[in-house]
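Trainee:
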Ligand SMILES: [Zn+2]
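What follows is the structure in structure tokens.
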């Protein structure tokens, strides 16, 4: 096993514990994955992110076959769909985090952009967040539905379910998922209050200054 793979396994354990302890994932929900030179790592099925073992993390090839470790999360196909659409994605975080999941259940969402640009940090880390229509757990049609939107978006929100967020590294994907969760919280807090999201000129300034692809 390469030194990089060892390091990535340790990072999955560390970030998993951190997300679990802060209530961003409950029970055995949520899964983390990392792209390797020779396949990818994914958290196992029925595993709590709070108590992962680096040696039993699932290692898969790009056809979805298990190379080593315990059987992978049943949501493996959802990660694979996002990696296939985003060649530069180095890691993916999928959570059922409360506030993002709450937004995913709301009526009247803009399906092209579920959460308004309330802060520059949300624009910089997530950009536009499209809604993937509802699919039952394990429905194979969910994969293509994610791929279609992930080609243009580093994060998508699954209706009545939760977010799938990609990043160049696991750290970047986790931080983006946390930014999304915090902005979902702000969105819910402001729902019945007059609020002032960033305007088009302010978003253009961010795009130019930080070379954003959104
Ligand atoms: Zn899920």
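In the working numbering, the protein residues as written are 1483 to 1696.
Glycine included, each C-beta is placed from N, C-alpha and C at the ideal position.
1. What are the boundary residues of the beta strand (DSSP E) that residue 1517 is part of?
2. Between which residues of its own chain and residue 1688 is the CB-CB distance below 8 Å, once the five residues before and five after are set aside?
3. Return helix, strand or coil for residue 1651, following the three-state DSSP convention.
4. Got a sec, what are the start and stop residues for the alpha helix (DSSP H) residue 1628 sits in?
5. In chain order, what residues of the same chain have a beta carbon less than 8 Å from the beta carbon of residue 1517, not counting five sequence neighbours either side?
6. With 16 other CB atoms within 10 Å as the buried threshold, where does residue 1593 fall?
7. For the beta strand (DSSP E) containing residue 1521, name the first residue and the last one.
8. Taking the CB atoms as reference points, tell me whether residue 1692 and residue 1597 lie closer together than 8 Å.
9. Could you tell me the distance, in whole angstroms, from the CA atom of residue 1630 to the CA atom of residue 1657?
10. Check whether the Cβ atoms of residue 1647 and residue 1637 sit closer than 8 Å, and answer yes or no.
11. Could you check which residue in 1552, 1654, 1662 and 1650 has the C-alpha nearest to that of residue 1612?
12. Check whether the Cβ atoms of residue 1622 and residue 1559 lie closer than 8 Å to each other.
13. In this structure, what does DSSP give as the bridge partners for residue 1574?
14. Does DSSP classify residue 1508 as helix, strand or coil?
15. Looking only at its chain, what residues have a beta carbon closer than 6 Å to the beta carbon of residue 1563, apart from the 5 residues adjacent to it on each side?
16. Compare the C-alpha of residue 1497 against each of 1577, 1641, 1610 and 1684 and name the closest.
Mentor: Put simply:
1. Stepping through the chain shown from its first residue, residue 1517 is reached at position 35. According to the DSSP assignment, residue 1517 belongs to the beta strand (DSSP E) that extends over 1513-1518.
2. Translated into positions along the chain shown, residue 1688 becomes position 206. If we look at residue 1688 and ignore the five residues flanking it on each side, its Cβ neighbours are 1602, 1605, 1606, 1680 and 1694.
3. Start at 1 with the first residue of the chain shown, and residue 1651 comes out as number 169. The answer is coil: DSSP assigns residue 1651 none of H, G, I, E or B.
4. For the purposes of this step, residue 1628 is taken as residue 146 along the chain shown, with counting starting at 1. First-last of the alpha helix (DSSP H) with residue 1628: 1624-1632.
5. Working through the chain shown from its first residue, we reach residue 1517 at position 35. Result list for residue 1517: 1565, 1571, 1572 and 1573, in chain order.
6. Residue numbering aside, residue 1593 sits at position 111 when the chain shown is read from its first letter. Exposed, by the Cβ-count rule.
7. Start at 1 with the first residue of the chain shown, and residue 1521 comes out as number 39. Counting along the chain, the beta strand (DSSP E) containing residue 1521 begins and ends at 1521-1524.
8. Mapped onto the chain shown, residue 1692 falls at position 210. Mapped onto the chain shown, residue 1597 falls at position 115. No, they are not a contact pair.
9. Taking the chain shown and counting its residues from 1, one reaches residue 1630 at position 148. Taking the chain shown and counting its residues from 1, one reaches residue 1657 at position 175. One C-alpha to the other measures close to 24 Å.
10. Position 165 of the chain shown, counting from 1, holds the residue named residue 1647. Position 155 of the chain shown, counting from 1, holds the residue named residue 1637. Between residue 1647 and residue 1637, the C-beta spacing is below 8 Å.
11. Position 130 of the chain shown holds residue 1612. Ranking the options by Cα distance to residue 1612, first place goes to 1662.
12. Here residue 1622 is taken as the residue at index 140 of the chain shown, counted from 1. Here residue 1559 is taken as the residue at index 77 of the chain shown, counted from 1. Result yes, Cβ atoms of residue 1622 and residue 1559 sit closer than 8 Å.
13. As a position in the chain shown, residue 1574 is number 92, starting the count at 1. Residue pairing by DSSP places residue 1574 opposite 1515 and 1648 in a beta bridge.
14. Taking the first residue of the chain shown as position 1, residue 1508 is located at position 26. DSSP places residue 1508 in coil when its eight states are reduced to three.
15. Your numbering for residue 1563 matches position 81 in the chain shown. So the list reads 1625, 1628 and 1629, once near-sequence residues are dropped.
16. Along the chain shown, one-based indexing puts residue 1497 at 15. Considering only alpha carbons, the answer is 1577.
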